[in-house]
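Notes to accompany the following structure.
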Amino acid sequence: MAHDQENESDHEEKVDTRLSYEELDLALNELFFEYEKLKNKYFVCKKSIIKLKKN
(Lines of atoms letter the chains of each structure in order from A; the text may use other names.)
(Lines give C-alpha, C1' and ligand atoms only; values in the text may rest on other atoms or scores of the structure.)
Protein backbone atom coordinates (compact mmCIF):
# COMPACT_ATOMS: atom_id res chain seq x y z
CA MET A 11 0.00 0.00 0.00
CA ALA A 12 2.81 2.43 0.78
CA HIS A 13 4.14 1.96 -2.72
CA ASP A 14 0.78 2.99 -4.24
CA GLN A 15 0.69 6.17 -2.17
CA GLU A 16 4.19 7.17 -3.33
CA ASN A 17 3.18 6.86 -6.97
CA GLU A 18 0.11 9.03 -6.43
CA SER A 19 2.14 11.85 -4.87
CA ASP A 20 4.66 11.72 -7.74
CA HIS A 21 1.93 12.43 -10.29
CA GLU A 22 1.02 16.06 -9.66
CA GLU A 23 -1.88 17.58 -11.55
CA LYS A 24 -0.64 18.91 -14.88
CA VAL A 25 -1.89 22.39 -15.70
CA ASP A 26 -2.77 22.93 -19.32
CA THR A 27 -0.62 25.88 -20.39
CA ARG A 28 -1.48 25.65 -24.06
CA LEU A 29 -2.97 28.74 -25.66
CA SER A 30 -6.26 28.77 -27.49
CA TYR A 31 -6.29 29.61 -31.18
CA GLU A 32 -7.74 33.04 -30.35
CA GLU A 33 -4.90 33.78 -27.92
CA LEU A 34 -2.32 32.61 -30.46
CA ASP A 35 -3.93 34.75 -33.15
CA LEU A 36 -3.82 37.83 -30.90
CA ALA A 37 -0.20 37.16 -29.96
CA LEU A 38 0.78 36.75 -33.62
CA ASN A 39 -1.01 39.97 -34.54
CA GLU A 40 0.86 41.83 -31.78
CA LEU A 41 4.18 40.36 -32.91
CA PHE A 42 3.48 41.31 -36.53
CA PHE A 43 2.54 44.86 -35.47
CA GLU A 44 5.79 45.19 -33.48
CA TYR A 45 7.72 43.76 -36.45
CA GLU A 46 6.18 46.32 -38.80
CA LYS A 47 7.09 49.17 -36.42
CA LEU A 48 10.69 47.96 -36.20
CA LYS A 49 10.89 47.49 -39.96
CA ASN A 50 9.71 51.07 -40.49
CA LYS A 51 12.30 52.37 -38.01
CA TYR A 52 14.97 50.38 -39.85
CA PHE A 53 14.08 51.93 -43.20
CA VAL A 54 14.01 55.44 -41.70
CA CYS A 55 17.49 54.84 -40.26
CA LYS A 56 18.71 53.37 -43.54
CA LYS A 57 17.49 56.43 -45.46
CA SER A 58 19.20 58.72 -42.95
CA ILE A 59 22.49 56.83 -43.31
CA ILE A 60 22.29 57.03 -47.11
CA LYS A 61 21.69 60.82 -46.88
CA LEU A 62 24.65 61.21 -44.52
CA LYS A 63 26.92 59.21 -46.83
CA LYS A 64 25.99 61.45 -49.79
CA ASN A 65 26.97 64.61 -47.86
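Mind the numbering: the sequence shown is residues 11 to 65 in our numbering, read in order. From the three backbone atoms N, C-alpha and C, an ideal C-beta is built for every residue, glycine too.
What does the alpha-carbon distance come out to for the pair residue i and residue j?
i          : j          : result
residue 57 : residue 45 : 18 Å
residue 63 : residue 53 : 15 Å
residue 35 : residue 42 : 10 Å
residue 26 : residue 32 : 16 Å
residue 40 : residue 48 : 12 Å
residue 55 : residue 38 : 26 Å
residue 50 : residue 28 : 32 Å
Along the chain, where does the alpha helix (DSSP H) that runs through residue i open and close?
i         : result
residue 7 : Because the chain is modelled from 11 through 65, residue 7 falls outside the range shown and cannot be assessed.
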